[in-house]
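> I have a structure here, written as structure tokens, and I will follow up with some questions on it.
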Amino acid sequence: MIIEVHNLTKTLTSGSHRVEILRGIDLTVQKREVIAIEGPSGSGKSTLLALLAGFDSPTTGSIRLEGEEITDMDEDELALLRGRKLGFVFQSYNLIPTLTAEENVMLPIELRGDSSPALERARELLNAVGLRERFSHYPAQLSGGEQQRVALARAFAGSPAILLADEPTGNLDSVTGKTVLDLLLGLNRKEGTTLVLVTHDAALSRLADRIIRLRDGKIVDELVPGASAANVSSDAF
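Heads up: take any position in the sequence shown, counting from 1, add 6, and you land on my numbering.
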């Protein structure tokens, strides 16, 4: 298993008031799987994704990524782990406004001290997501769809074993959303990266290997759609 989650809980306390965000989550994910996490607002989807990425700590429970227990790691250890294993796509893009598209994509490679040519890798990925003419553009000069494609390229820059994405098509129009969806699944096929995606996009969920449905902090359903991400064309690559 590439991801193993056991009895994961997250509780927030304010004075005498306790809010249970996650309540006893058990989840396993196989290498190269595409998992769509669905659920209404407040069901705990984004919290679960943040815990998997090590951006937050659970109240109780265990998270293992490729056999490594992450819940006891300090911030330095988590940063190293993310550099080695994880990519993350934020709904709000989170690009650095003072860096160009290629510099944003190069950054995670440079931060982890990778000896591979960062510029070459950045341009390869930006080409793959259709931004050949946007290498030197700053985020403010790019459309929302173009910024999300830069964010995708950045997430794949370190060839992560696992990519986590929070509503990757949520802020996009249907045409751009379809483009980003095809890119995600095409890059999954090419790179062999496991995808865990929080989404309300029915088109994305139908192409996942499994759909995990959350409600009130618990997994209430697990579905296997008729279509699989393995059947998605990646002609763009």
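Every residue gets a Cβ at the ideal spot worked out from N, C-alpha and C, and that includes glycine.
All values derive from a computational prediction rather than experimental measurement.
Have a look at D80 and T185 and give me their C-alpha separation to the nearest angstrom.
If I take the Cα positions, the gap works out to 37 Å.
> Run through DSSP, which three-state label would A42 get?
Three-state result, A42: strand.
> Compare the beta carbon distance of T19 and L28 with 7 Å and say whether it is the shorter of the two.
Contact: no.
> Quick check on this structure: which residue in D227, L229, G223, A209 has the alpha carbon closest to the alpha carbon of K51?
Taking only the C-alpha atoms, the option nearest K51 is G223.
> Give, in chain order, every unbroken run of the beta strand (DSSP E) that is at least 3 residues long and sits entirely within the stretch 41-79.
Entirely contained in the stretch 41-79, the beta strand (DSSP E) runs reaching 3 residues are, in chain order, 66-71.
> Decide if T66 is buried, meaning its Cβ has at least 16 other Cβ atoms within 10 Å, or exposed.
Answer is exposed; the Cβ neighbour count stays below 16.
> Tell me the start and end of each unbroken alpha helix (DSSP H) in the stretch 158-238 that is at least 4 residues and wholly inside, in chain order.
For the stretch 158-238, whole alpha helix (DSSP H) runs of length 4 or above, ordered along the chain, are 180-197, 208-212.
> Judging by CA-CA distance, which residue of G45, R24, D32 is the nearest neighbour of L5?
The chain is shown from 7 up to 243; residue 5 falls before or after that span and cannot be answered.
> Here's the rule I'm using: 16 or more other beta-carbon atoms within 10 Å means buried, otherwise exposed. How should A236 be labelled?
A caution first: A236 carries a pLDDT of 42, below 50, which makes its placement in the model too unreliable to give a value.
> Let's see if you can read the secondary structure: which residues bound the alpha helix (DSSP H) around L87?
Unbroken alpha helix (DSSP H) run through L87: 81-91.
> Measuring straight from C-alpha to C-alpha, what distance separates G21 and G192?
The straight-line gap from Cα to Cα measures roughly 47 Å.
> Quick check on K91: buried or exposed, where buried means 16 or more other Cβ atoms within 10 Å of its Cβ?
It is buried - the Cβ of K91 has at least 16 other Cβ atoms within 10 Å.
> Threshold first: 4 residues or longer. Then list the alpha helix (DSSP H) segments lying entirely within the stretch 101-131, N to C.
Correct list: 107-117.
> Taking the alpha carbon of L117 as the point to measure from, which residue in V135, R212, A163 has its own alpha carbon closest?
For L117, the nearest C-alpha among the options comes from A163.
> Buried or exposed for V135, please, with buried defined as at least 16 other CB atoms from any protein chain shown within 10 angstroms of its CB.
It is buried - the Cβ of V135 has at least 16 other Cβ atoms within 10 Å.
> Using only alpha-carbon positions, find the residue among L170, L132, D172, D179 that is nearest to V245.
Residue 245 is absent from the model: the chain starts at 7 and stops at 243.
> From M112 to S149, what distance separates their C-alpha atoms?
Each residue's alpha carbon lies about 20 Å from the other.
> Would you mind reading off the limits of the beta strand (DSSP E) that contains L148?
Where L148 is concerned, there is no enclosing beta strand (DSSP E), given that its DSSP letter is neither H nor E.
> Among P123, I69, P64, L137, which residue has its Cα nearest to the Cα of V35?
Checked all of P123, I69, P64, L137; the closest Cα to V35 is I69.
> DSSP three-state call for V135: helix, strand or coil?
Of the three classes helix, strand and coil, the one that applies to V135 here is coil, per DSSP.
> Which whole-angstrom value is the C-beta distance of L189 and G151, which I expect to be below 8 Å?
The Cβ separation is near 11 Å, so there is no contact.
> Mind checking whether G94 and L170 have CB atoms under 7 Å apart?
The sequence as given places Phe at residue 94; Gly does not occur at that position. Against a cut-off of 7 Å, the Cβ pair of L170 and F94 comes out as a contact.
> Would you say K37 and I76 are within 7 Å of each other, going by their C-beta atoms?
Against a cut-off of 7 Å, the Cβ pair of I76 and K37 comes out as no contact.
> Given this structure, state the Cα-to-Cα distance separating A161 from I115, to the nearest angstrom.
Answer to the nearest angstrom: the Cα atoms are 10 Å apart.
> Report back the beta-carbon spacing between Q154 and P145 to the nearest angstrom; my notes put them in contact at under 8 Å.
Contact flag wrong, Cβ pair sits at about 11 Å.
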